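For reference, each letter of the sequence shown is one residue, going 1 to 116 in UniProt numbering.
Even glycine gets a Cβ: it sits at the ideal position worked out from N, Cα and C.
Computed from a predicted model, the values in this text were never measured in an experiment.
The block underneath contains the structure these notes are about, expressed in structure tokens.
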Amino acid sequence: MRFMSFVTSAHAGPPTAELIEAMNKLADREIKAGRMVDMGGLTPVAMGAQVRIAEGKLSVIDGPFVEAKEVIGGYAIMEFRNKEEAVASAVEFMQLHKDFMPDWEGTCEVRAFAGP
């Protein structure tokens, strides 16, 4: 099954060099094992845009977004046999954040793709 994990946090600023190194090692391992399909960090919201529909009107809003308290900082698309494996992988990934940025707070959401 294919799963997407994405990390949200209110933390401003990039990850530490140590965390980046640890995440790269984990990604290399998962790529070699054939589980990682794609992954990446995202640029700050100030560089993005939102396309939204509200009150019947479609609009485009350039970042930063005033109401954004937590933002998606990165994502991974992985192949696992089941949800339990996907969650275990997310726990390992989040443990790296705890180990290398102890004051960091955030969430890693794990969701299965809806199709084959």
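When the beta-carbon positions are compared, Val-45 and Phe-65 come within less than 8 Å of each other. The DSSP-derived three-state label of Met-47 is helix. For secondary structure counted as the beta strand (DSSP E) over 3 or more consecutive residues, the UniProt domain "YCII-related" (1 to 90) holds these complete runs in sequence order: 2 to 9, 36 to 41, 49 to 54, 57 to 62 and 71 to 79.
Around the beta carbon of Ala-33, fewer than 16 other beta carbons lie within 10 angstroms, which makes this residue exposed. Taken through DSSP and simplified to helix, strand or coil, Glu-92 comes out as helix. A straight-line Cα-Cα distance of about 20 Å links Ala-10 and Glu-18.
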